[in-house]
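In the working numbering, the protein residues as written are 622 to 760.
Note that the Cβ used here is the ideal one computed from N, Cα and C, for glycine as well.
Structure, as structure tokens:
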């Protein structure tokens, strides 16, 4: 038995994966083996949207202008919180502390990113509450 956690940015990828899996299991290398699969479409996609991209540009500007640091665009294919949130509002996947070995026994935070990321989060909240980042409730 084997398992895989499949996450997508575009829901049509599920269809593509399903087609490939059907083709692969139809052509068994060992004829007397039983091969089956189940594709669970559990996580919604974290699809790009204009409002999220616009907000990210504003966040990136704060990071550069106030901290002289660059923030690279990061859109996870699917993180549970972001994918569900992105279905109803803007979701930014850039406030993490920055680290090594995500989701492993050796996962850790890079200390040099703690202060700037907390600062960025606080400044983003300040500007959002002033109505300067994005109209609240806009997707």
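Length of the line joining the Cα atoms of residue i and residue j
i           : j           : result
residue 663 : residue 628 : 9 Å
residue 739 : residue 754 : 17 Å
residue 713 : residue 652 : 48 Å
residue 624 : residue 657 : 12 Å
residue 725 : residue 671 : 33 Å
residue 690 : residue 641 : 42 Å
residue 732 : residue 681 : 20 Å
residue 655 : residue 692 : 48 Å
residue 634 : residue 684 : 33 Å
residue 622 : residue 679 : 46 Å
residue 631 : residue 749 : 28 Å
Environment of residue i [buried if 16+ CB atoms lie within 10 Å]
i           : result
residue 676 : buried
residue 745 : buried
residue 741 : buried
Same chain only: Cβ atoms within 6 Å of residue i, ignoring 5 sequence neighbours per side
i           : result
residue 722 : 728
residue 718 : 730, 734, 735, 738
residue 707 : 667
Assigned secondary structure, residue i (DSSP; H/G/I helix, E/B strand, else coil)
i           : result
residue 732 : helix
Same chain, Cβ closer than 7 Å to residue i, five either side skipped, listed in chain order
i           : result
residue 704 : 664, 665, 666, 667
residue 644 : none
Sub-7 Å separation of residue i and residue j beta-carbons
i           : j           : result
residue 646 : residue 673 : no
residue 660 : residue 639 : yes
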